[in-house]
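Numbering (mature numbering (1 follows the signal peptide of the UniProt record, and there is no 0)), first residue to last: -19 to -1, 1 to 318. We put the beta carbon where it would ideally sit given N, CA and C, even for glycine. Since the model is a prediction, treat every value here as computed from it, not as a measurement. Only one structure is covered here, and it is reproduced in the block below.
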């Protein structure tokens, strides 16, 4: 919830001043600004359950919104003729939502002070762009053996310094020997244990392949713990959200070569996460949508977090982001979208 203490202190100061000057000490405090919890919850719920907006096509899914303390509202939205129900505890592959976790891990390893090399890799400008999302990292791999397969260890000179969305940046970065993070020898179990060592053992996660950019399986419950830690600055990436951001739309930026965003939005990319800051169509939220439809976010004020959770093998990160943005707007404004 928003911290009302500064406003309360201001009202108390004004009341004391009025009393000293003969004014009434019984003047009521001004009402709190913005919608209350009930209004926010009703608006977000109606938006998520609507059959006439961009949330309808992605059914079934689970959604939740919370603050730095706890979940504030949530719901499971089902689809007619589909027996699948997603809940907060449903474990699923989150694909590219893994990237935000890895960005946070690197920030912890560096004590919040990233190297120039770290920033280049985490903003996808390293030139390592050959990794194929499915097949190039296998269940029995280590981080390094995945790098060694096919063209994953080939740097494309023309891509260096240009934004190119690809998991190969993080795969190569994770494999770099000291003073790199030196995770090359780690398999699925070791990589998960190492991530949890710094992000927190209260976040349950596994890897289906040792791919920092896309291999995590977890639940909305556990990812929400991570998001609350960002909001509360319990992880160093919380203070770095949006830092070192780069442009990503090849249609409008000469320093961008490839993006998964399909609707022409001029978003930026920061340290393993998107900055939804298109000047005409976005609200500045931070996010990391996965290809299967898992969409986590933190709002621009770092007050609220949210998740849309589902698993669609045919893809759907952009679609989940569209729905999630509507739910977020409904929550902030108290008006169903």
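Under the rule that 16 or more other beta-carbon atoms within 10 Å means buried, what is residue 277, buried or exposed?
buried
Per DSSP, what kind of secondary structure is residue 144 in: helix, strand or coil?
strand
Give the DSSP-derived three-state secondary structure of residue 192 in the structure shown.
coil
Check whether the segment 106 to 115 touches the segment 148 to 156, taking contact to mean three or more Cβ pairs, one atom from each stretch, closer than 8 angstroms.
yes
Closest by C-alpha distance to residue 125, when choosing among 250, 56, 248 and 156
156
Please list the terminal residues of the continuous beta strand (DSSP E) segment that includes residue 86.
Element bounds for residue 86: not the beta strand (DSSP E) but the alpha helix (DSSP H), 79 to 90.
With burial defined as no fewer than 16 other Cβ atoms inside 10 Å of the residue's Cβ, what is the status of residue 243: buried or exposed?
exposed
Proximal residues to residue 315 (C-beta, below 6 angstroms), its chain only, five neighbours per side dropped:
16, 20, 21 and 24
Taking the beta strand (DSSP E) that residue 267 belongs to, which residues open and close that run?
266 to 268
Taking the alpha carbon of residue 245 as the point to measure from, which residue in 253, 234, 252 and 215 has its own alpha carbon closest?
234
Quick check on the DSSP output: the alpha helix (DSSP H) that includes residue 289 runs from which residue to which?
That residue, residue 289, is in no alpha helix (DSSP H); its beta strand (DSSP E) goes 286 to 290.
What residue does the alpha helix (DSSP H) around residue 100 start on, and which one ends it?
97 to 103
What do you get for residue 312, buried or exposed, if any count of 16 or more other CB atoms within 10 angstroms of its CB means buried?
buried
For residue 295, three-class secondary structure by DSSP:
coil
Just checking, does the segment 283 to 294 make contact with the segment 33 to 49 on the three C-beta pairs under 8 angstroms criterion?
yes
If you check the beta carbons only, do residue 254 and residue 80 fall under 8 angstroms apart?
yes
By a C-beta neighbour count over all protein chains shown, 10 Å radius and 16 as the cutoff for buried, is residue 131 buried or exposed?
exposed
Tell whether a beta-carbon distance below 8 angstroms holds between residue 89 and residue 217.
yes
Per the contact definition of three or more C-beta pairs closer than 8 angstroms, is the segment 212 to 230 in contact with the segment 54 to 64?
no
Per DSSP, cross-strand counterpart(s) of residue 228
249
May I ask you to list the residues that DSSP assigns as paired with residue 277?
288
Status (buried if at least 16 other CB within 10 Å, exposed otherwise) for residue 300:
buried
According to DSSP, is residue 301 helix, strand or coil?
helix
Beta-carbon proximity of residue 273 to residue 294, cut-off 8 angstroms:
yes
CB contact flag (residue 120, residue 53, <8 angstroms):
no
Considering only residues of the same chain and omitting the five flanking positions on each side of residue 310, which have a CB-CB separation below 6 angstroms?
318
My understanding is that residue 74 touches residue 270, with C-beta atoms under 8 angstroms, so please give their C-beta distance in whole angstroms.
Actually they are not in contact, since the Cβ atoms of residue 74 and residue 270 sit about 13 angstroms apart, beyond 8 angstroms.
Have a look at 29, 229 and 43 and flag the residue whose alpha-carbon is nearest the alpha-carbon of residue 142.
229
For residue 264 and residue 258, I'd like the C-alpha separation in whole angstroms.
6 angstroms
Taking the alpha helix (DSSP H) that residue 73 falls in, what are its first and last residues?
Per DSSP, residue 73 belongs to no alpha helix (DSSP H); it is in the beta strand (DSSP E), 72 to 74.
May I have the straight-line CA-CA distance separating residue 205 from residue 196, to the nearest angstrom?
18 angstroms
May I have the straight-line CA-CA distance separating residue 226 from residue 35, to the nearest angstrom?
28 angstroms
What does DSSP give as the partner residue(s) for residue 257 in the beta ladder?
266
So, is residue 51 buried or exposed, given that buried needs 16 or more other C-beta atoms within 10 angstroms?
exposed
Please say whether residue 102 and residue 71 have beta carbons closer to each other than 8 angstroms?
no
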